[in-house]
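Data first, discussion second: the structure below is written as structure tokens.
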Amino acid sequence: MRWLMNTLGDAQLARMDGDPGLVAAVDQHAAVLRDAIPLDRETLGDYLLGFLDELRERDWVFTGEPDAAALRLTAVCWLARRAGFLEDGLPA
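In case it helps, UniProt numbering puts the sequence shown at residues 1 to 92.
Written out as structure tokens, the structure is:
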């Protein structure tokens, strides 16, 4: 999770402050997650690891653009931060 927060999460979360379109897109992905899985620390972490494994199998690379995978990862980071699963930017 540290790599994710350092490489994608912090930058994307900071971009959300000035980009209402990004906020809406991330919120849509967060809503899907809220409907699909319990948002406890363990389940969200397991979801993230499985999603990252799938992205590795597809050779996905974060380009800096908010594609569907980046939006989903940002939503995971956003939900984890809002739930208090992250302390001082480190994985909980």
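Ideal Cβ positions, reconstructed from N, Cα and C, are used throughout, including at glycine.
Computed from a predicted structure; not experimentally measured.
Tell me, to the nearest whole angstrom, how far the beta carbon of residue i is from that of residue j; I am working on the premise that it is less than 8 Å.
i	j	result
residue 79	residue 39	6 Å
residue 85	residue 8	Not a contact, Cβ separation roughly 16 Å.
residue 22	residue 66	6 Å
For residue i, I'd like the list of residues in its chain whose CB is within less than 7 Å of its CB, leaving aside the five on either flank, ordered along the chain.
i	result
residue 109	Since the displayed the chain opens at 1 and closes at 92, residue 109 lies outside it and no answer follows.
residue 55	69
residue 30	75, 78, 79
Report all residues from its chain with a CB closer than 6 Å to the CB of residue i; omit the five preceding and five following residues, and keep chain order.
i	result
residue 76	48
residue 43	37
Under 8 Å, with one C-beta from each stretch per pair, do the region 14–28 and the region 64–79 reach the 3-pair mark? yes
Entirely within the region 11–82 and at least 4 residues each: give me those alpha helix (DSSP H) ranges in chain order. 20–36, 41–57, 68–82
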